[in-house]
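Visitor:
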Amino acid sequence: MGRTGQGWAGTGRARQLGRERALGTVPPVPPVQDVDAAALARLDLERRVATLQDEVAFLCKAHGEELRELRERVARQRGHAEVGAGKPDLAAALRDIRSRYEAAAGSSAREAEEWYKSKFADLTAAAARHAEALHAAKQEANEYRRQLQALTCDLEALRGSNESLERQLRELEERYALETASYQDTVVRLEEDTCSLKEEMARHLQDYQDLLKVKLALDIEITTYRKLLEGEESRITIPVQSFSNLQIRGEAVAMRGVGAGMVAQTGVEPFPGHWVTPVSCPCPLETSLDTKSVSEAHVKRSIVVKTVETRDGEVIKESKQEHKEGP
87 MGRTGQGWAG
97 TGRARQLGRE
107 RALGTVPPVP
117 PVQDVDAAAL
127 ARLDLERRVA
137 TLQDEVAFLC
147 KAHGEELREL
157 RERVARQRGH
167 AEVGAGKPDL
177 AAALRDIRSR
187 YEAAAGSSAR
197 EAEEWYKSKF
207 ADLTAAAARH
217 AEALHAAKQE
227 ANEYRRQLQA
237 LTCDLEALRG
247 SNESLERQLR
257 ELEERYALET
267 ASYQDTVVRL
277 EEDTCSLKEE
287 MARHLQDYQD
297 LLKVKLALDI
307 EITTYRKLLE
317 GEESRITIPV
327 QSFSNLQIRG
337 EAVAMRGVGA
347 GMVAQTGVEP
357 FPGHWVTPVS
367 CPCPLETSLD
377 TKSVSEAHVK
387 RSIVVKTVET
397 RDGEVIKESK
407 QEHKEGP
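Letter 68 of the sequence shown, counting from 1, is numbered 154 in our numbering, and no numbers are missing.
What follows is the structure in structure tokens.
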């Protein structure tokens, strides 16, 4: 009976261990976030149920072995029935123990099944809720995907417009650069032309001043020569009528002076110190001289000398001088 008590104690500990495993060792399942997590939890619970069923089978096997051991002990002790007549009925005790064990095992099985069903129902409800959330998330993801596609199309259109505008901008910059270069060349050329014109104008002004000086000198010499002629005329005894219609024909000649000026003059050297070069002119110069008119006319002339000073093609000073001359 000692060994039987120990066996029943071991069976009780195994039953208690199975009950603890069935009721207390399963950790609470945290709320899952999606259907995949719910499926994994379900698989874990199914695995735990299989483990509990294996433990129940093991306990049944252990119970069968203990019953067989008890039967053997009862068979060995039948020969000693007279000894145990004063003791309680062993079969009744065994039946009582068996009934209590079966009741405890059934209760544990029912509790485990109820717990499994409740957990499975909770997980099923959570899976349904998460399925709804997943469906809503999928719809939202589809909506976001459509928006993303629309925005992508808009982005591509804007990128194309941007590239077109950048290409037009580059073309305009190149064209304006060419036009600017052309205008700069034109400005440089015009500035060069302006400088050359200023230099040429300065040369012309210098030549003009030189010519004015030459003209003034020639006018003075002509006046002096006329006065000499008028003085010599009084000594000439030629009748005035013979010279009244005197025609002097000659060719025009040019004299180059300072600054390459040209002055019309006769082909003789009127005064010493001035070299005159005869140059034929395309048009003949005809001069009529009436000696009577020369001798009788009262000649009055005024010479105006205009002096212009220039610097870098600009007029900085201008002056006039008037010389009057009489007979």
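Cβ coordinates follow ideal geometry from the N, Cα and C atoms, glycine included.
Using 8 Å as the threshold, is the stretch 123–136 in touch with the stretch 209–218, meaning 3 or more CB pairs across them?
Guide: With a cut-off of 8 Å, the stretch 209–218 and the stretch 123–136 count as touching, because enough Cβ pairs lie within range.
Visitor: In this structure, how does DSSP classify residue 163 when only helix, strand and coil are distinguished?
Guide: Working through the sequence shown from its first residue, we reach residue 163 at position 77. Looking at residue 163 - three-state DSSP - the assignment turns out to be coil, as it is neither helix nor strand.
Visitor: Would a C-beta distance cut-off of 8 Å place residue 402 and residue 393 closer than the cut-off?
Guide: By 1-based counting over the sequence shown, the position of residue 402 is 316. By 1-based counting over the sequence shown, the position of residue 393 is 307. Their beta carbons are not under 8 Å apart, which means residue 402 does not touch residue 393 by this criterion.
Visitor: Would you report the Cα separation of residue 240 and residue 222, rounded to the nearest angstrom?
Guide: The sequence position of residue 240 within the sequence shown is 154, counting from 1. The sequence position of residue 222 within the sequence shown is 136, counting from 1. Each residue's alpha carbon lies about 27 Å from the other.
Visitor: From 155, 192, 177, 158, pick the residue whose C-alpha is nearest to that of residue 142; which is it?
Guide: Along the sequence shown, read from residue 1 onward, the residue named residue 142 stands at position 56. Taking only the C-alpha atoms, the option nearest residue 142 is 192.
Visitor: With DSSP as the reference, label residue 374 as helix, strand or coil.
Guide: Sequence index remark: in the sequence shown, residue 374 carries index 288 (1-based). With a pLDDT of 36 at residue 374, under the threshold of 50, the modelled position of that residue is not reliable, and the figure given next carries that caveat. Strand at residue 374.
Visitor: Mark residue 156 as exposed unless 16 or more other C-beta atoms lie within 10 angstroms of its C-beta, in which case mark it buried.
Guide: One-based indexing of the sequence shown puts residue 156 at position 70. The residue is buried, with at least 16 neighbouring Cβ atoms inside 10 Å.
Visitor: Which term fits residue 300, buried or exposed, when burial requires 16 or more other beta carbons within 10 angstroms of its beta carbon?
Guide: Counted from its first residue, the sequence shown places residue 300 at position 214. With 16 or more Cβ atoms within 10 Å of its Cβ, residue 300 is classed as buried.
Visitor: How many angstroms separate the CA atom of residue 202 from the CA atom of residue 131?
Guide: Along the sequence shown, read from residue 1 onward, the residue named residue 202 stands at position 116. Along the sequence shown, read from residue 1 onward, the residue named residue 131 stands at position 45. Going from the Cα of residue 202 to the Cα of residue 131 covers about 8 Å.
Visitor: Between which two residues does the alpha helix (DSSP H) containing residue 271 stretch?
Guide: The residue given as residue 271 occupies position 185 in the sequence shown. Element bounds for residue 271: 176–319.
Visitor: What's the gap between the Cα of residue 189 and the Cα of residue 163?
Guide: For the purposes of this step, residue 189 is taken as the residue at position 103 of the sequence shown. For the purposes of this step, residue 163 is taken as the residue at position 77 of the sequence shown. Taking the straight line joining both Cα atoms gives about 28 Å.
Visitor: Assuming contact is defined by CB atoms lying nearer than 8 Å, are residue 128 and residue 220 in contact in what I supplied?
Guide: As a first step, residue 128 must be located in the sequence shown, where it is residue number 42. As a first step, residue 220 must be located in the sequence shown, where it is residue number 134. No, Cβ-Cβ distance for residue 128 and residue 220 is not below 8 Å.
Visitor: So, under 8 Å CB-CB, residue 198 and residue 138 are touching, yes? Tell me the CB distance rounded to an integer number of Å.
Guide: Numbered from 1 along the sequence shown, position 112 holds the residue referred to as residue 198. Numbered from 1 along the sequence shown, position 52 holds the residue referred to as residue 138. Going by Cβ atoms, the distance from residue 198 to residue 138 rounds to 6 Å, so yes, they are a contact pair.
Visitor: Tell me, which residues are paired with residue 139 by DSSP?
Guide: The residue given as residue 139 occupies position 53 in the sequence shown. DSSP output for residue 139 lists no bridge partner at all.
Visitor: Mind checking who residue 134 pairs with in its DSSP beta bridge?
Guide: As a first step, residue 134 is located in the sequence shown; it is residue number 48 there, counting from the start. DSSP, once it has assigned bridges, lists no residue as partnering residue 134.
Visitor: Let me know if residue 295 comes out buried or exposed under the rule of 16 or more other beta-carbons within 10 Å of its beta-carbon.
Guide: Indexing the sequence shown from 1 puts residue 295 at position 209. Classification of residue 295: buried, given that the 10 Å Cβ count is 16 or more.
Visitor: Does the beta-carbon of residue 152 have 16 or more other beta-carbons within 10 angstroms, so that it is buried, or is it exposed?
Guide: Residue numbering aside, residue 152 sits at position 66 when the sequence shown is read from its first letter. Residue 152 comes out buried.
Visitor: So if DSSP puts residue 157 in a beta bridge, which residue, or which two residues, is it bridged to?
Guide: Along the sequence shown, one-based indexing puts residue 157 at 71. Answer is none; residue 157 lacks a bridge partner.
Visitor: Going by DSSP, name the residue or residues bridged to residue 400.
Guide: For this step, residue 400 is matched to residue 314 along the sequence shown. DSSP, once it has assigned bridges, lists 397 as partnering residue 400.
Visitor: For residue 194, count the other beta carbons within 10 Å of its own beta carbon; 16 or more makes it buried, fewer makes it exposed. Which is it?
Guide: To locate residue 194, count along the sequence shown from 1; it is residue 108. Buried, by the Cβ-count rule.
Visitor: With distance defined between alpha-carbon atoms, name the residue in 135, 256, 211, 302 nearest to residue 406.
Guide: The residue you call residue 406 lines up with position 320 of the sequence shown. Among 135, 256, 211, 302, the Cα nearest to that of residue 406 is on 302.
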